[in-house]
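Following my numbering, the numbering of the sequence shown begins with -3 at its first residue and continues without gaps. Here's the structure, in structure tokens; my notes come after.
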Amino acid sequence: MKRLVFYFLVLINSFAFAQNEEMDFLSKQIEALNHRLDVLEKKTDDNLWYQRVGDKAFIDKVYITGPPRWKVDNPNAMGANNPLKFWSYIFIPKGLDLSKKYPLIVLPHGGVHADFTTYHTHIIKELLYQKYIIVCPEYRGSTGYGQGYYNNIDYGGLEVDDCDAARQYMIDNYDFINKNKVGIVGWSHGGLIAFMSGSKFSKNYAAVYAGVPVSDLVMRMGYYDDEYRDLYSSPHHIGETAMDNLEEYKKRSPVWNVKDFDCPLLIHTNTNDDDVNYIEVEHLIQALKAENKKFEYEVFQDAPGGHSFNRIDIKNAREIRLKIYKFLNKNLNPDNPITNLDQIQKAAYIE
């Protein structure tokens, strides 16, 4: 009888093991399919850019290099230390006088894993109207370029260097860019990148706008759920929890990097933000004040749109973006600055 029970338990365990292997195989297949769908979606979105702003700008997408990967399975393998290649979108307003110099905007997208999409169309139009040249880096970890590229994520780390490499590429390749008039603009995780750029590469930027910026990863790990926390502790990412490696999370958080920040800065946050809780940005504002940094900020009370309150295309959002443009204009001096709401509306129809 004992032998029969033993064989029965072995059979059940074998069946469970086979089931687990099959589930693991299916999970990997679904993950691979999701990445292939992301690639397809990216190609579709690339075509949409030409439809939406192709009459207003020369559009290019260039393949450039940043620092090597920060995690490799075999550091001695051939090519392991090669610079990482990534794509960047370029938008140049039509009708520029190429004998003159124009300001540059670096615009990193948001998201733990995301990409630069036509969600930004009206913002790109508004920047083009003002005669800004724009570069939008698809830094390491962005979606739409396959699983390998996705797994190269270095959140708050070398992706900041990728964005600065995009800035440098533009200066090296376009003589009509004013290298002393470069701004970086980002929202959410893009806001984190913008702030970290002003800390790590402060001499390179004449203006930094950080909208609803992810500000404190340690605090963030506390109020988010396990599914979100698991993104950061996965092997290709940080690989450890904030409890296991507090210093690594601090190193990647704006609030712990205010000491080195030395650029004109504007921060916006919203009290009903359901993604980047206002308490995070408040912590950053307090840290900047404690270091006696000169900066501008505004806290919006329950503005419609929540996390996207000043990116969506409604009147209230346009009124707030006007404040952003006035800040940028003051520091970057574009040829055709937007100074009122009528111009923002006109920007949608520029020829």
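All C-beta atoms in this analysis are idealised placements derived from N, C-alpha and C, irrespective of residue type, glycine included.
| field | Supposed contact pair Met192 and Asn253 - C-beta distance, whole angstroms, cut 8 Å | value | Contact between Asn253 and Met192 holds, since their C-beta atoms are separated by about 6 Å, short of 8 Å.
| message | Rounding to the nearest angstrom, what Cα-Cα distance links Phe305 and Asp69 in this structure? | response | A direct Cα-to-Cα measurement between Phe305 and Asp69 gives close to 41 Å.
| Just curious, the beta strand (DSSP E) that Glu155 is in, first and last residue? | Note, Glu155: premise wrong, no beta strand (DSSP E); alpha helix (DSSP H) at Leu154 to Asn169.
| request: Taking Ser193 as part of the alpha helix (DSSP H), name the residues at either end of that continuous run. | output: Ser193: member of the alpha helix (DSSP H) spanning His185 to Lys196, first to last residue.
| Does the count of Cβ pairs from the segment 164 to 174 and the segment 92 to 108 closer than 8 Å reach three? | As far as the Cβ criterion goes, the segment 164 to 174 touches the segment 92 to 108, which means the pair count is three or higher.
| field | Minimum C-alpha distance to Ile86 - residue among Pro133, Asn72, Thr117 and Thr40 | value | Proximity to Ile86 across Pro133, Asn72, Thr117 and Thr40 peaks at Pro133, based on C-alpha coordinates.
| query | Mind checking Met166: buried by the 16 CB within 10 Å criterion, or exposed? | reply | So Met166 counts as buried.
| request: Can you grab the Cα-Cα spacing for the pair Trp183 / Trp83, in whole Å? | output: Between Trp183 and Trp83, the C-alpha separation is close to 20 Å.
| field | Asp348 to Glu236 span [Cα, whole Å] | value | Given a span of -3 to 347 for the chain in the structure shown, any question on residue 348 remains unanswerable.
| Whose C-alpha, out of Pro231, Tyr220, Arg216 and Tyr59, is nearest the C-alpha of Val251? | For Val251, the closest of Pro231, Tyr220, Arg216 and Tyr59 by C-alpha to C-alpha distance is Arg216.
| field | Gly301, enclosing alpha helix (DSSP H) - first and last residue | value | DSSP places Gly301 outside any alpha helix (DSSP H), giving it a letter other than H or E.
| field | Inter-residue CB distance, Asp256 and Ser195 (contact presumed, cutoff 8 Å) | value | Correct: roughly 5 Å between the Cβ atoms.
| request: Go ahead and pull the three-state DSSP assignment for His105. | output: Here His105 sits in coil by DSSP.
| request: Any chance you could list the beta strand (DSSP E) runs of at least 3 consecutive residues sitting entirely within the segment 197 to 252, in chain order? | output: The DSSP assignment places 203 to 207 as complete runs of the beta strand (DSSP E) inside the segment 197 to 252, in order along the chain (cut-off: 3 residues).
| Can at least three beta-carbon pairs, one atom from the segment 199 to 210 and one from the segment 275 to 290, be found at a separation below 8 Å? | Yes, the segment 199 to 210 touches the segment 275 to 290.
| query | Anyone know if the C-beta pair for Ile320 and Leu227 falls short of 8 Å? | reply | In this structure, Ile320 lies away from Leu227, with their beta-carbon atoms at least 8 Å apart.
| message | Give me the DSSP bridge partner(s) of Tyr85. | response | Beta-bridge partners of Tyr85 (DSSP): Lys57 and Cys132.
| query | In three-state DSSP terms, what is Lys177? | reply | It is a strand residue.
| field | Cα-Cα separation between Pro99 and Leu242, rounded to whole angstroms | value | Distance between the alpha carbons of Pro99 and Leu242 is about 38 Å.
| request: Could you tell me if Tyr345 is buried or exposed, where buried requires 16 or more neighbouring beta carbons within 10 angstroms of its beta carbon? | output: Per the 10 Å Cβ criterion, exposed.
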